[in-house]
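Engineer: I'd like to ask you about the structure that follows.
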Amino acid sequence: MSNRSSTRRSDTQPFNADAYLDLESTPPPPRKRTLNDDDDDYHLTVDAQGTSRKGETPKKRKVASSLASYAKRNVVQAVATVRGASVGDPAQCVVSRASEQRMVIEFSHVMSGSTPLDHMACFEWSWGMQYRSLNADTRLNVQTLGIDLHRLFDATKDSKPTGWFWIPTDDNLALLTVMHSEYVGGEAVTDKAGMTENKRCDLKDFYNKYKSTKFTYRLIPLPEMNESWSVRRYNGELHGPLHPDLIQNSIYPFSDLPNFELHIPYHFVIVNTGKKLFQICGLDKINFARDFPFLQGPQGSLTRTIMLILRNIYVAWTLAMPDRKWLTGEPYNDANQEPPIDHRRQGGTGSDSGGQGKGGPSGSKGGGTQARSMGGAAPSGGQIGRRRATAKSLTPWDSASCVEPLELVDGTQRRSDDEDEPFVDDEEEEYEDEEFFNGLKQWVANVWSATRRGTGSDSEGTMVGEAAGPAFSKGVDATTSPLTPLLSVL
Numbered sequence: 001m002s003n004r005s006s007t008r009r010s011d012t013q014p015f016n017a018d019a020y021l022d023l024e025s026t027p028p029p030p031r032k033r034t035l036n037d038d039d040d041d042y043h044l045t046v047d048a049q050g051t052s053r054k055g056e057t058p059k060k061r062k063v064a065s066s067l068a069s070y071a072k073r074n075v076v077q078a079v080a081t082v083r084g085a086s087v088g089d090p091a092q093c094v095v096s097r098a099s100e101q102r103m104v105i106e107f108s109h110v111m112s113g114s115t116p117l118d119h120m121a122c123f124e125w126s127w128g129m130q131y132r133s134l135n136a137d138t139r140l141n142v143q144t145l146g147i148d149l150h151r152l153f154d155a156t157k158d159s160k161p162t163g164w165f166w167i168p169t170d171d172n173l174a175l176l177t178v179m180h181s182e183y184v185g186g187e188a189v190t191d192k193a194g195m196t197e198n199k200r201c202d203l204k205d206f207y208n209k210y211k212s213t214k215f216t217y218r219l220i221p222l223p224e225m226n227e228s229w230s231v232r233r234y235n236g237e238l239h240g241p242l243h244p245d246l247i248q249n250s251i252y253p254f255s256d257l258p259n260f261e262l263h264i265p266y267h268f269v270i271v272n273t274g275k276k277l278f279q280i281c282g283l284d285k286i287n288f289a290r291d292f293p294f295l296q297g298p299q300g301s302l303t304r305t306i307m308l309i310l311r312n313i314y315v316a317w318t319l320a321m322p323d324r325k326w327l328t329g330e331p332y333n334d335a336n337q338e339p340p341i342d343h344r345r346q347g348g349t350g351s352d353s354g355g356q357g358k359g360g361p362s363g364s365k366g367g368g369t370q371a372r373s374m375g376g377a378a379p380s381g382g383q384i385g386r387r388r389a390t391a392k393s394l395t396p397w398d399s400a401s402c403v404e405p406l407e408l409v410d411g412t413q414r415r416s417d418d419e420d421e422p423f424v425d426d427e428e429e430e431y432e433d434e435e436f437f438n439g440l441k442q443w444v445a446n447v448w449s450a451t452r453r454g455t456g457s458d459s460e461g462t463m464v465g466e467a468a469g470p471a472f473s474k475g476v477d478a479t480t481s482p483l484t485p486l487l488s489v490l
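Everything in the sequence shown is counted per the UniProt record's numbering, starting at 1 for the first residue and increasing by one.
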């Protein structure tokens, strides 16, 4: 399931594979990184006035085709830090606890790297960020999974998920209820989605209020996993010899698995899990008896409520309407937002509950009709949303991530096991390579020239990088017809 519409998939890769190979076509010249020190770790730096300096997340989204080596190392270090492992320990699956010495470990995006750009803008707006500053490759959005669990995490059939997802544990209900009230509106959690307050909130405010320095989840399978192989978890010493008798085999619905403490904050899980639940049930009630029978009864009441909250918040985010001034990318102050307008927002699933494309609300090629762009009455009976201005003011450096990062691979910021730190939303460094884009332009020009040569076309072929000349249809008199400039698009 998972790059944005303009990129190739980057979240499915073996742990040690840094190179990207396209075996089906001749690729353009390889993109080179321009970091000062190859594979150096990312350090965020902002001066006292909030002025951007080298190392600050650029106001441009990540478009690289694969995770950089330093990003992978930072993910591994983040996982190790949460689990209290030693610096330099090999990567391990966050579910099975097996290291790369015992299984193939892959890096998995929680919020899909192929999330449509309009939804990325909605998330940035809702999370109090600057336009085009969200980086899907941040360590906070990438987990390490065994290859089988990774495939199941991303598995779909007929544009609907068939694997599993994360759900915050029941003790996070208070935090999630506050988020639901802010983003969706209303005091009660409803069993139908389709409302949005169109509100910008600083996510750190939620986490700091409830002192959420660690994020705990439980694994929830979808019905299609009831015939799957068991999920294995190793309960022995990771650095000692392998003891097969310490391998726990858990079968559907995997209720004997423990809660999992991850470095992934809840808002990324809301995007992933909320989208999966939306793809299954749209804006209507979640059919727990059919899809999650193991959550029936009083013991599953809180979990069912949390699942409704995640779906409703996700829909509210995708229905958000960013202010036009904010979309320019200029410094934006929420206090100057335009007055509230009665602009109806309605959710709907269209003919398809969504896929992983521009269908709906988030997804891949060939998804359903996008919920946030449909008009008229909600086909599923969902309520319509409303726009409301917010009054909170942000300083320039609040919009993007600029707080202290998680512990880096060199261990210089290590903390004790009992020490809690406030939530950190750090972004990995972005980079552009002028040489790469120049080479890409030349490659496109060569392809254009080769395919147009000798075709007998009536139109002039315009090479990339050259001025476009006039082109006329047959029978048009150049002396009497006005010239219309042609756009040369790369």
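Glycine included, C-beta positions come from ideal geometry on N, C-alpha and C.
1. Taking the beta carbon of TRP326 as the centre, do at least 16 other beta carbons fall within 10 Å, making it buried, or is it exposed?
2. If you compare alpha carbons, which of PRO221, PRO116, LYS192 and GLU124 is closest to THR162?
3. Can you list, in chain order, the residues of its chain whose CB lies under 8 Å from that of GLN101, leaving out five sequence neighbours each side?
4. For LEU35, which residues of its own chain have a beta-carbon under 6 Å away from its beta-carbon, when the five flanking residues on both sides are left out?
5. Checking 8 Å against the spacing of the C-beta atoms, do ARG97 and ARG218 come in under that value?
6. Tell me whether the beta-carbon of LEU203 lies closer than 8 Å to the beta-carbon of HIS243.
7. Tell me whether GLU197 is buried or exposed, calling it buried when 16 or more other Cβ atoms sit within 10 Å of its Cβ.
8. What would DSSP say about HIS119, mapped onto helix, strand or coil?
9. Let's see if you can read the secondary structure: which residues bound the beta strand (DSSP E) around TYR146?
10. How big is the Cα-Cα spacing for HIS239 and ALA85?
11. Output the distance between the C-alpha atoms of ASN336 and LYS199, rounded to the nearest integer angstrom.
12. Start and end of the beta strand (DSSP E) containing VAL231?
13. Using 8 Å as the threshold, is the C-beta distance between GLN92 and THR144 below it?
14. Measuring alpha carbon to alpha carbon, tell me which of VAL269, GLY329 and LEU319 ends up nearest ILE306.
15. Would a C-beta distance cut-off of 8 Å place LEU277 and LEU302 closer than the cut-off?
16. May I ask you to report which of helix, strand or coil DSSP gives TYR332?
17. Measure the C-alpha to C-alpha separation of GLY363 and HIS119 and round it to an integer number of angstroms.
18. When you compare each of THR138, GLY128 and ASN272 to ARG73 by their alpha carbons, which one comes out closest?
19. For CYS201, tell me which candidate among PHE123, ALA155, ASP170 and PRO168 has the shortest Cα-Cα distance.
20. Taking C-beta to C-beta, are PRO168 and THR115 nearer than 8 Å?
21. So, with DSSP's three-state summary, where would you put HIS160?
22. Take ALA320 and list the residues in its own chain whose beta-carbon comes closer than 7 Å to its own, dropping the five residues that flank it on each side.
23. Between the Cα of ALA71 and those of VAL82, GLY88, VAL94 and PHE107, spot the shortest distance and give me the residue it belongs to.
24. Would you mind sorting SER449 into buried or exposed? The rule is 16 or more other CB atoms within 10 Å of its CB.
25. Starting from HIS109 and walking both ways along the beta strand (DSSP E), at which residues does that stretch end?
26. Hey, VAL82 and GLU237: beta-carbon distance below 8 Å or not?
27. From which residue to which residue does the beta strand (DSSP E) around GLN248 run?
28. Around the C-beta of THR213, are 16 or more other C-beta atoms found within 10 angstroms, so that it is buried, or is it exposed?
29. Expressed to the nearest angstrom, what Euclidean distance is found between the alpha-carbon atoms of residue 492 and VAL444?
30. Can you check the segment 166-240 for any beta strand (DSSP E) of at least 3 residues that lies completely inside it and give the ranges in chain order?
31. Here's a check: name, in chain order, each residue in its chain whose Cβ is nearer than 7 Å to the Cβ of VAL75, leaving out the five neighbours to either side.
32. If I follow the unbroken beta strand (DSSP E) through LEU262, where does it start and stop?
33. Going by DSSP, what residue range makes up the alpha helix (DSSP H) through ASN272?
34. Within 10 Å of its beta-carbon, does GLN296 have 16 or more other beta-carbons around it, so buried, or fewer, so exposed?
35. Where does SER449 fall in DSSP's three states?
36. What residues in its chain sit with their C-beta under 6 Å from that of ALA316, if we drop five residues either side in the sequence?
Structural biologist: So, from the listed chains and residues:
1. As a first step, residue 326 is located in the sequence shown; it is residue number 326 there, counting from the start. Flag for TRP326 reads buried.
2. Taking the sequence shown and counting its residues from 1, one reaches residue 162 at position 162. Ranking PRO221, PRO116, LYS192 and GLU124 by Cα distance to THR162 puts PRO221 first.
3. Taking the first residue of the sequence shown as 1, we reach residue 101 at position 101. Counting only Cβ-Cβ distances below 8 Å, and skipping sequence neighbours, we find PRO90.
4. Translated into positions along the sequence shown, residue 35 becomes position 35. The pLDDT assigned to LEU35 is 36, lower than 50, so where the model puts this residue is not dependable, and the model offers no usable value.
5. Taking the sequence shown and counting its residues from 1, the one referred to as residue 97 is at position 97. Taking the sequence shown and counting its residues from 1, the one referred to as residue 218 is at position 218. Not a contact, by the Cβ cut-off of 8 Å.
6. Counting from 1 along the sequence shown, the entry for residue 203 is found at position 203. Counting from 1 along the sequence shown, the entry for residue 243 is found at position 243. The answer is no: Cβ separation not under 8 Å.
7. Mapped onto the sequence shown, residue 197 falls at position 197. With 16 or more Cβ atoms within 10 Å of its Cβ, GLU197 is classed as buried.
8. Reading the sequence shown from its first residue, position 119 is the one you call residue 119. HIS119 falls in the helix class under three-state DSSP.
9. For this step, residue 146 is matched to residue 146 along the sequence shown. The sequence as given places Gly at residue 146; Tyr does not occur at that position. It spans 142-146 - the beta strand (DSSP E) in which GLY146 sits, taken as one unbroken run.
10. Your numbering for residue 239 matches position 239 in the sequence shown. Your numbering for residue 85 matches position 85 in the sequence shown. In a straight line, the C-alpha of HIS239 is about 10 Å away from that of ALA85.
11. In the sequence shown, the residue the question calls residue 336 occupies position 336. In the sequence shown, the residue the question calls residue 199 occupies position 199. Taking the straight line from one Cα to the other gives about 14 Å.
12. In the sequence shown, the residue the question calls residue 231 occupies position 231. Taken as a continuous stretch (DSSP letters only), the beta strand (DSSP E) holding VAL231 covers 231-234.
13. Here residue 92 refers to the residue found at position 92 of the sequence shown. Here residue 144 refers to the residue found at position 144 of the sequence shown. Yes; because the gap between Cβ atoms is below 8 Å, this pair is in contact.
14. Position 306 of the sequence shown, counting from 1, holds the residue named residue 306. Ranked by Cα distance from ILE306, the options VAL269, GLY329 and LEU319 are led by VAL269.
15. Against the sequence shown, residue 277 aligns to sequence position 277. Against the sequence shown, residue 302 aligns to sequence position 302. The Cβ atoms of LEU277 and LEU302 lie no closer than 8 Å to each other.
16. Indexing the sequence shown from 1 puts residue 332 at position 332. Residue state, collapsed to three classes: coil.
17. In the sequence shown, the residue the question calls residue 363 occupies position 363. In the sequence shown, the residue the question calls residue 119 occupies position 119. Any reading at GLY363 must be qualified, since the residue scores a pLDDT of 39, below 50, and its modelled position is unreliable; the value itself is stated next. Rounded to the nearest angstrom, the two C-alpha atoms are 9 Å apart.
18. The residue you call residue 73 lines up with position 73 of the sequence shown. Out of THR138, GLY128 and ASN272, THR138 has the C-alpha closest to the C-alpha of ARG73.
19. Within the sequence shown, residue 201 is the residue found at index 201, counting from 1. For CYS201, the nearest C-alpha among the options comes from PHE123.
20. By 1-based counting over the sequence shown, the position of residue 168 is 168. By 1-based counting over the sequence shown, the position of residue 115 is 115. Between PRO168 and THR115, the CB-CB gap reaches or exceeds 8 Å.
21. Working through the sequence shown from its first residue, we reach residue 160 at position 160. Here residue 160 is Lys; the residue named in the question, His, does not match the sequence. Three-state result, LYS160: strand.
22. By 1-based counting over the sequence shown, the position of residue 320 is 320. CYS122, TRP125, SER126, THR196 and ASN198, listed in sequence order.
23. Locating residue 71 in the sequence shown gives position 71, where the first residue counts as 1. The alpha carbon of ALA71 has as its nearest neighbour, out of VAL82, GLY88, VAL94 and PHE107, the alpha carbon of PHE107.
24. Working through the sequence shown from its first residue, we reach residue 449 at position 449. That one is exposed.
25. What you label residue 109 is simply residue 109 of the sequence shown in a count that begins at 1. From DSSP, the beta strand (DSSP E) with HIS109 extends over 105-109.
26. Locating residue 82 in the sequence shown gives position 82, where the first residue counts as 1. Locating residue 237 in the sequence shown gives position 237, where the first residue counts as 1. No. Outside cutoff.
27. What you label residue 248 is simply residue 248 of the sequence shown in a count that begins at 1. From DSSP, the beta strand (DSSP E) with GLN248 extends over 247-250.
28. For the purposes of this step, residue 213 is taken as the residue at position 213 of the sequence shown. So THR213 ends up on the exposed side.
29. Coverage of the chain is limited to positions 1 through 490, which leaves residue 492 absent and any answer about it impossible.
30. 215-221 and 231-234
31. The residue given as residue 75 occupies position 75 in the sequence shown. Excluding the 5 residues flanking it on each side, VAL75 has same chain C-beta neighbours closer than 7 Å at PHE107, ARG139, VAL142 and THR144, in chain order.
32. Position 262 of the sequence shown, counted from the start, is the residue given in the question as residue 262. Where LEU262 is concerned, the enclosing beta strand (DSSP E) stretches over 260-262.
33. Your numbering for residue 272 matches position 272 in the sequence shown. Looking at the DSSP string, the run of the alpha helix (DSSP H) that includes ASN272 is 266-281.
34. Translated into positions along the sequence shown, residue 296 becomes position 296. With fewer than 16 Cβ atoms within 10 Å of its Cβ, GLN296 is classed as exposed.
35. Translated into the one-based positions of the sequence shown, residue 449 becomes position 449. Reduced to three states, the DSSP call for SER449 is helix.
36. Here residue 316 corresponds to residue number 316 of the sequence shown, with the count starting at 1. Answer for ALA316: TYR183, VAL184 and THR196, listed in chain order.
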